[in-house]
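Here is the structure we will look at.
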Amino acid sequence: MGLFQRLATLVSLVAFGIALSGKTVELSFPSDIKTKATKFAYLFSLGLSIGVADWHSFVFGLVAFKTLPRQSFGLLQSKLFPLYFQILVLASSSTLVTYTLLRTGSGSKEDFQFYILIGAVLSWLLNLLFFEPWTSAVMFERHKFEREEKTDGKDVKEMPKYKKLSKKFGMYHGLSSLSNLIGLVCLHIHAWHAATTLLSF
Numbered sequence: 005m006g007l008f009q010r011l012a013t014l015v016s017l018v019a020f021g022i023a024l025s026g027k028t029v030e031l032s033f034p035s036d037i038k039t040k041a042t043k044f045a046y047l048f049s050l051g052l053s054i055g056v057a058d059w060h061s062f063v064f065g066l067v068a069f070k071t072l073p074r075q076s077f078g079l080l081q082s083k084l085f086p087l088y089f090q091i092l093v094l095a096s097s098s099t100l101v102t103y104t105l106l107r108t109g110s111g112s113k114e115d116f117q118f119y120i121l122i123g124a125v126l127s128w129l130l131n132l133l134f135f136e137p138w139t140s141a142v143m144f145e146r147h148k149f150e151r152e153e154k155t156d157g158k159d160v161k162e163m164p165k166y167k168k169l170s171k172k173f174g175m176y177h178g179l180s181s182l183s184n185l186i187g188l189v190c191l192h193i194h195a196w197h198a199a200t201t202l203l204s205f
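Quick note: the sequence shown uses the numbering used here, first residue 5, plus one each step.
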């Protein structure tokens with residue numbers, strides 16, 4: 005685990021601690037904390053999260069998939085995804101903390117948004133720590149198998165080991181994609197909430 009990945013994980017854990025203590029104990033934050041800087045940090049981190057997630061998921065990823073050879077695309081994604089999830093963990097954690105500081109009540113709408121943001125952070129964190137590394141490891145194993153077996157002129161895709169690796173890759177990739185989608189949905193739900201309640205902060 006690299007330094008930046010450890011930092012992202014630590015920040016998310018601190019964010020959970022701040023958010024949960026603010027939620028369960030109903031901490032009364034001093035009024036000077038609710039400054040323009042806090043609002044800016046909230047909007048910036050929310051915008052960064054949505055921008056990075058939408059661009060990579062719906063623009064860059066699709067273009068790269070259609071343009072690059074399969075193995076080249078997989079290699080590129082394996083280099084980008086750790087940074088992608090690190091940025092999203094840090095940015096969504098910042099959104100969670102600043103929303104906790106800015107929230108003015110504890111009604112059902114605020115509570116729902118609180119849990120929505122926790123869901124977003126958890127989805128990125130699960131991808132960062134588990135799903136993405138698992139997916140990349142199986143992908144590289146499959147690439148290696150393809151290179152080794154193709155030298156004999158065999159139909160690699162019909163081999164039992166290749167089918168097993170492909171099934172494993174599909175499972176991990178499916179979990180990663182589902183987790184990514186959950187994070188995206190959570191962020192967009194919260195963005196709608198922010199757009200309709202922002203003036204009440």
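The beta carbon of each residue, even a glycine, is placed where N, CA and C say it ideally should be. This structure is a prediction, so every number in the text was calculated from the model and none was measured.
Check, Outcome
"In angstroms, rounded to a whole number, what distance separates the CA positions of Lys70 and Leu105?", "43 Å"
"Take Phe48 and list the residues in its own chain whose beta-carbon comes closer than 7 Å to its own, dropping the five residues that flank it on each side.", "none"
"With DSSP collapsed to three states, give me the class of Thr39.", "coil"
"Can you give me the C-alpha to C-alpha distance between Ala141 and Ile91, rounded to a whole angstrom?", "21 Å"
"Since Gly187 and Ser127 are thought to touch, with beta carbons under 8 Å apart, how far apart are those beta carbons, to the nearest angstrom?", "4 Å"
"Distance, Cα to Cα, Arg146 vs Glu153?", "11 Å"
"Sort Pro86, Ser170, Val93 by Cα distance to Leu14 and report the nearest one.", "Val93"
"When we look at the beta-carbon of Gly6 and count the other beta-carbons within 10 Å, is it buried (16 or more) or exposed?", "exposed"
"Count the other CB atoms, across all protein chains shown, that sit within 10 Å of the CB of Arg74; report buried if there are 16 or more and exposed otherwise.", "exposed"
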